[in-house]
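A.B. asks: Here it is, the structure, as structure tokens.
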Amino acid sequence: MRSIKRHYFIMGMLTMALAFIIIPNVLAFFGIRLSLTPPTIGEKIDVLNHYVSKYFWKDADTSKMENIAMKALIQSLDDKYSAYYTGDEYKKVTRGLSGVYDGIGVVVKMDAKTNRVSIEEVYKDSPAEKAGLKAGDIFLRINGREAKNMSFEEISNELKGEAGTKVTVAVNRNGKEITCEPVREELKVKTVEYKILDNHIGYINISSMDHETYAQFKEAMEVMNREDIKGVIFDVRNNGGGTLDSATQMLDELLPEGMMLSVKNKTETLEEYQSTDEAVFHKPCAVLINESTASAAEVFAGVLQDRGAAVLVGTKSFGKGIVQTIYSLNDMFGGGAIKLTTAEYFLPSGRSIHEKGLTPNVHVIFRKDNEEDNQLQAAMKEMEKKQPIKN
28 MRSIKRHYFI MGMLTMALAF IIIPNVLAFF GIRLSLTPPT IGEKIDVLNH YVSKYFWKDA
88 DTSKMENIAM KALIQSLDDK YSAYYTGDEY KKVTRGLSGV YDGIGVVVKM DAKTNRVSIE
148 EVYKDSPAEK AGLKAGDIFL RINGREAKNM SFEEISNELK GEAGTKVTVA VNRNGKEITC
208 EPVREELKVK TVEYKILDNH IGYINISSMD HETYAQFKEA MEVMNREDIK GVIFDVRNNG
268 GGTLDSATQM LDELLPEGMM LSVKNKTETL EEYQSTDEAV FHKPCAVLIN ESTASAAEVF
328 AGVLQDRGAA VLVGTKSFGK GIVQTIYSLN DMFGGGAIKL TTAEYFLPSG RSIHEKGLTP
388 NVHVIFRKDN EEDNQLQAAM KEMEKKQPIK N
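Mapping to the working numbering: the sequence shown position 350 is 377, numbers consecutive.
Shown next as structure tokens:
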């Protein structure tokens with residue numbers, strides 16, 4: 028009797044062991060997962076992919092599926108500054124930051140209230156200018172895609188592409204739809220322009236901040252230091268930013284030793300940027316800003332304001348004071364990358380500019396009907412009052 032019970036016990040244990048081995052594999056064959064722990068994102072995607080590959084009536088474009096899935100994953104963060112780049116998109120981004128890119132030659136901006144993307148500036152002699160595009164044009168469609176359904180990043184990337192190729196652009200200009208086909212060219216962007224105004228005040232316009240900007244800025248400052256000028260007006264209106272290194276390097280050409288910026292994530296201070304005393308500009312300065320002055324351009328203006336080195340003139344800035352870090356992915360992702368918001372900027376006073384912006388010392392609304400730049404005129408008046416930098 029005891030041997031029979033032992034036999035049944037052994038048979039029962041063997042049956043249970045086989046069940047634990049066989050049942051999960053059978054369920055897995057049908058795309059069903061048996062586990063005590065919640066499935067990971069990757070496991071869920073594997074299940075969906077199993078059903079598509081087994082039951083979808085056509086051969087699926089797996090590369091397209093993967094890219095859309097990766098983009099959707101990052102978009103679910105509800106952060107308009109984070110993004111997933113395919114291999115081709117990542118090449119365009121890194122090439123653009125280098126100061127050289129293939130495109131049509133426009134600066135674009137997004138309206139924070141309407142999310143509409145429009146042309147902020149058209150570069151001289153660019154494909155965009157030749158095709159008839161103008162500042163203020165609002166994008167309706169790009170290569171047949173509705174602009175309202177595209178992110179800012181997607182629109183920027185769609186305008187770029189291989190030199191010699193066309194891009195079909197439909198824009199709204201004062202209620203009228205206009206379509207054109209600019210041919211992309213290799214463009215080396217001149218981000219710094221400078222001159223001496225009639226009243227012996229220097230003027231430096233910084234349109235964006237890429238890897239070439241600092242060298243161009245340093246050249247401009249060498250001219251300013253040689254000339255007998257009263258001071259300098261820096262114009263960062265419509266400057267959407269760029270690399271943080273460009274902003275801090277330019278600031279170090281102007282300021283004596285001291286705190287410029289701290290970068291903090293949700294738990295700690297990651298980095299502090301200090302100015303040295305290797306180069307100091309002692310003459311009065313003013314910075315022109317507006318609602319399209321953002322990111323690294325706001326850092327440049329805000330640090331000068333906090334350190335008492337410049338007066339800000341114009342209208343309140345955009346208010347983007349967060350750091351994006353680009354992480355290059357391995358070959359499994361086809362040379363792609365992800366851009367994630369990782370930290371926040373804090374100015375020397377400890378204030379944050381994110382979603383707050385910079386408030387100018389002198390508020391002046393730009394008058395479009397005026398032949399003269401009234402904001403520039405106001406900055407020139409302030410320059411006459413201002414004392415040389417001491418701190």
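Using N, Cα and C, we set each Cβ at its ideal position, and we do this for glycine too.
1. Report the option in 112, 122 and 193 whose CA atom is closest to the CA atom of residue 178.
2. Excluding the 5 residues preceding and the 5 following residue 333 in the sequence, name in chain order all residues of the same chain whose CB lies nearer than 6 Å to its CB.
3. Quick check on the DSSP output: what are the complete beta strand (DSSP E) runs of length 3 or more inside the stretch 86-128, in order along the chain?
4. How long is the line joining the alpha carbons of residue 126 and residue 363, rounded to whole angstroms?
5. Check whether the Cβ atoms of residue 190 and residue 173 sit closer than 8 Å, and answer yes or no.
6. In angstroms with no decimal places, state the Cα-to-Cα distance between residue 279 and residue 396.
7. On the premise that residue 315 lies in contact with residue 421, defined as a C-beta separation below 8 Å, what is that separation, rounded to the nearest angstrom?
8. Within the same chain, show all residues whose beta-carbon is closer than 8 Å to that of residue 237, passing over the 5 residues directly before and after it, in chain order.
9. Does the count of Cβ pairs from the stretch 310-325 and the stretch 285-301 closer than 8 Å reach three?
10. Can you tell me whether DSSP reads residue 143 as helix, strand or coil?
11. Report the rounded CA-to-CA distance for residue 308 versus residue 281, giving the unit in angstroms.
12. Since residue 236 is in the alpha helix (DSSP H), which residue starts that stretch and which ends it?
13. Kindly list the residues whose CB is nearer than 7 Å to the CB of residue 415, restricted to its own chain and excluding five residues on each side of it in sequence; keep chain order.
14. What number of angstroms, rounded off, separates the C-alpha of residue 325 from the C-alpha of residue 343?
15. For residue 178, which of helix, strand or coil comes out of DSSP?
16. What does the alpha-carbon distance come out to for the pair residue 391 and residue 401?
17. In terms of residue numbering, what span does the alpha helix (DSSP H) encompassing residue 410 cover?
18. In whole angstroms, what separates the C-alpha of residue 304 from that of residue 350?
19. When we look at the beta-carbon of residue 404 and count the other beta-carbons within 10 Å, is it buried (16 or more) or exposed?
C.D. replies: Considering the structure as presented:
1. 112
2. 374, 375 and 376
3. 110-112
4. 20 Å
5. no
6. 37 Å
7. No answer is possible for residue 421: it lies beyond the span of the chain, which begins at 28 and ends at 418.
8. 123, 124, 125, 126, 216, 218, 269, 270 and 273
9. no
10. coil
11. 5 Å
12. Run containing residue 236: none; DSSP gives neither H nor E here.
13. The pLDDT assigned to residue 415 is 49, lower than 50, so where the model puts this residue is not dependable, and the model offers no usable value.
14. 10 Å
15. coil
16. 8 Å
17. 401-412
18. 26 Å
19. exposed
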